[in-house]
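Visitor: Have a look at this one before I ask anything.
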Amino acid sequence: MKKQIKILVTGASGMLGNKIISELSNSDYQSLGISKKNTHTINNTIIKKCDITNYKQLKKIFDAFKPNIIIHTASITGNIECEENPEKTFLVNCLGTFNILNLMKKNGAKIIFCSSREVYGNSKKKVTEKDLEFPINLNGITKITSENLIKKFHQTYNVQYVILRFTNFYGDLNSKRGISLMIKNAIKNKQVTIYGGKQILNLLHIDDAVKAILLSIKYKNSNTFNIGSDEKTTLPKLIKIIENNINQKIKINKKNARVIEPQKFVINIKKAKNELGFTPNFTLDLGIKKLVKEI
357 MKKQIKILVT GASGMLGNKI ISELSNSDYQ SLGISKKNTH TINNTIIKKC DITNYKQLKK
417 IFDAFKPNII IHTASITGNI ECEENPEKTF LVNCLGTFNI LNLMKKNGAK IIFCSSREVY
477 GNSKKKVTEK DLEFPINLNG ITKITSENLI KKFHQTYNVQ YVILRFTNFY GDLNSKRGIS
537 LMIKNAIKNK QVTIYGGKQI LNLLHIDDAV KAILLSIKYK NSNTFNIGSD EKTTLPKLIK
597 IIENNINQKI KINKKNARVI EPQKFVINIK KAKNELGFTP NFTLDLGIKK LVKEI
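Each residue of the sequence shown is one higher than the one before, counting from 357 in our numbering.
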């Protein structure tokens, strides 16, 4: 009889972790989530309270569950939040990842790490996985530090990994920032604050992010992939798409661009298409349409 694969999801109460748990609950995998929130359930999957910066708490989870795969989504992600809480950011994003890797090396598990486009900083061309990383904020610095830790544990202990460098997601109606907040404020006829206004963006629907993670579960090698959409856009174009879908003009409150935010980012996802089998399902217009209906 084939042994059931056990999957541990960190950050299970977060936007991405919650979606992954929901998908896994309908699969043949045995899944368990961990979160800093009190123990609860999502779609009949147990989410246990655990702080990944606490090695003893984490070890208890590993010893009891013995995961084969860890989907590591837990992190401080917002660029502003990272800059305002540098110590917490390094503890969660770097020490938390180190603790997971330290426990993984004993049981031959595989990690699927949710990294970010922030590792690249600004880009003058379509970035590939071979391009050098020049993060301009703490979010990106801690993500590339975690990636390097993962590669070190792979080299020394043969820990298997898939690193997914996601562009900015959207599509979660419960999100209190980004595009979801923009749409909610626009519908209420509130001002929408934008910083800069000339950004070149690549936006990824959260369902496509989950798709990439599910493909990574079955992927047999250790590798790094850019995960994004097939289209680049600009902030004015994004605003126009939202206006078309909510049938009203957005009141814009324009502020200066923030130095910690990349102003130009274009991604190449050819490697993910060819090797991982990843193709995004959502165009930006289709994704915004879906989100507006849900809101």
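C-beta atoms are modelled at their ideal positions from N, C-alpha and C, and glycine is treated no differently.
What you are looking at is a predicted structure, and each value in this text was computed from that prediction instead of being measured.
#1: Just mark ARG533 as buried or exposed, buried being the case when its beta carbon has 16 or more other beta carbons within 10 Å.
#2: Which term fits LEU642, buried or exposed, when burial requires 16 or more other beta carbons within 10 angstroms of its beta carbon?
#3: Cutting at 8 Å between CB atoms, please list the residues of its own chain near LYS325, excluding the five before and the five after it.
#4: Determine the contact status of ILE427 and LEU505, defining contact as a CB-CB distance below 9 Å.
#5: Beta-carbon within less than 7 Å of HIS396's beta-carbon, same chain only, minus the 5 sequence neighbours each way: which residues are those?
#6: Could you tell me whether the stretch 560 to 569 touches the stretch 631 to 642, where touching means 3 or more Cβ pairs closer than 8 Å?
#7: May I ask which residues mark the beginning and end of the beta strand (DSSP E) holding LEU414?
#8: Along the chain, where does the beta strand (DSSP E) containing ASN524 start, and where does it finish?
#9: Ignoring anything shorter than 3 residues, give me the beta strand (DSSP E) runs that lie fully in the stretch 373 to 459, in order along the chain.
#10: In three-state terms, what does DSSP make of GLN516?
#11: Give the straight-line distance between the Cα atoms of ILE597 and VAL648, rounded to the nearest whole angstrom.
#12: What does THR639 pair with, by DSSP beta-bridge criteria?
#13: Whole angstroms is fine: what's the gap from SER585's alpha carbon to ILE625's?
#14: Specify whether the stretch 478 to 486 and the stretch 428 to 446 touch according to this definition: at least 3 beta carbon pairs, one from each stretch, less than 8 Å apart.
#15: Give me the Cα-Cα distance between ILE376 and ASP384, rounded to the nearest whole angstrom.
#16: Alpha carbon to alpha carbon, how far is MET357 from TYR575?
#17: Ignore the nearest five residues each way along the sequence and tell me which others in SER578's own chain have a CB closer than 6 Å to its CB.
#18: Considering only C-alpha positions, which residue in the set VAL475, ILE623 and GLY633 is nearest to SER572?
#19: Exposed or buried, GLU440, counting other C-beta atoms within 10 Å across all chains shown (16 or more means buried)?
#20: If you reduce the DSSP assignment to three classes, tell me which class ARG521 lands in.
Guide: On the basis of the coordinates in this document:
#1: exposed
#2: exposed
#3: What the structure shows of the chain is the stretch from 357 to 651, and residue 325 is not part of that stretch, so it cannot be assessed.
#4: no
#5: ILE403
#6: yes
#7: Segment 411 to 421 is the alpha helix (DSSP H) holding LEU414; no beta strand (DSSP E) there.
#8: 524 to 526
#9: 386 to 391, 396 to 398, 401 to 405 and 425 to 428
#10: strand
#11: 11 Å
#12: THR639 is not bridged to any residue.
#13: 8 Å
#14: no
#15: 14 Å
#16: Residue placement at MET357 is poorly supported in this model, since its pLDDT is 48, which falls under 50; the coordinates still yield a value, given next. Between MET357 and TYR575, the C-alpha separation is close to 22 Å.
#17: HIS510, GLN516 and TYR517
#18: GLY633
#19: exposed
#20: strand
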